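Novice: My questions all concern the structure below.
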Amino acid sequence: MPLLFPLVVAALLFAIGVYAVLVRRNAILVLMGVELMLNAVNLNLVAFDAWHRDALHGGQILTLFVITIAAAEIGLGLAIVLLVFRTRRQVDVDAVRELADRDRTDEHVAEAERAELAERAELAARAERAAGEPGDAGRADPAEQRPATAEAGR
């Protein structure tokens, strides 16, 4: 069998996979596109191994390794997609990215509000210390105050 036929089929598979990854926004279809690209690579490995007629069959062994890694990748990817669907009720890649950005923005707003509340509490505590006794107005620490008799003698 000529080498051209499997290479053309692999190129078509790879092109379809790239199209699915770049155009589709559904996470499951994106994962399917990645799997198509990996299968195109596997087809190339087996085709070149058969064309080269290597006694060790390195292309076929590498193909089995890629299939194993792809199975683990699709299992983990589908688990993540299922978790996202359970929490967000959608698997649209763009919508999930926008929701993540909005959550991050909400965290920054909440952090800024907490910092503002802490600053207000600190200012209120300073005001309470400053208004402690009538003779020590304006001083935060009573140890810094001079005795009233020393001021009158001068």
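Numbering (UniProt numbering), first residue to last: 1 to 154.
In this text, a Cβ means the ideal position worked out from N, Cα and C, and glycines have one as well.
From a predicted model like this one, the values you see are computed outputs, not experimental measurements.
(1) May I ask you to report which of helix, strand or coil DSSP gives residue 161?
(2) Here's a check: name, in chain order, each residue in its chain whose Cβ is nearer than 7 Å to the Cβ of aspartate 49, leaving out the five neighbours to either side.
(3) Would you mind reading off the limits of the alpha helix (DSSP H) that contains histidine 52?
(4) Quick one: what does DSSP say arginine 24 is sitting in, helix, strand or coil?
(5) Under three-state DSSP, which class holds proline 2?
(6) Got a sec? Which residues, its chain only, sit under 8 Å from leucine 13 by beta carbon, not counting five neighbours each side?
(7) Do you know how far the Cα of alanine 130 is from the Cα of glutamate 116?
(8) Whole angstroms are fine: how far does the CA of glutamate 113 sit from the CA of valine 9?
(9) If you draw a straight line from the alpha carbon of residue 156 to that of alanine 125, how long is it in whole angstroms?
(10) Look at the Cβ atom of alanine 27, then the Cβ atom of valine 91, and state whether they are nearer than 7 Å.
Specialist: So, from the data block:
(1) No statement about residue 161 is possible, as the shown extent of the chain runs from 1 to 154 and does not include it.
(2) Looking up residue 49 in the sequence shown gives position 49. Hits under 7 Å: His57, Gly58, Gly59, Gln60.
(3) Working through the sequence shown from its first residue, we reach residue 52 at position 52. Unbroken alpha helix (DSSP H) run through histidine 52: 27-52.
(4) Taking the sequence shown and counting its residues from 1, one reaches residue 24 at position 24. Reduced to three states, the DSSP call for arginine 24 is coil.
(5) As a first step, residue 2 must be located in the sequence shown, where it is residue number 2. Three-state DSSP puts proline 2 in coil, outside helix and strand.
(6) Against the sequence shown, residue 13 aligns to sequence position 13. Within the same chain, leucine 13 has close Cβ partners Leu36, Met37, Asn39, Ala40, Leu43.
(7) As a first step, residue 116 must be located in the sequence shown, where it is residue number 116. As a first step, residue 130 must be located in the sequence shown, where it is residue number 130. Roughly 21 Å separates the two Cα atoms.
(8) As a first step, residue 9 must be located in the sequence shown, where it is residue number 9. As a first step, residue 113 must be located in the sequence shown, where it is residue number 113. Straight-line Cα distance between these residues: approximately 58 Å.
(9) Outside the modelled stretch of the chain, which goes from 1 to 154, sits residue 156, for which no answer is possible.
(10) The count along the sequence shown starts at 1 and reaches residue 27 at position 27. The count along the sequence shown starts at 1 and reaches residue 91 at position 91. Yes, they are a contact pair.
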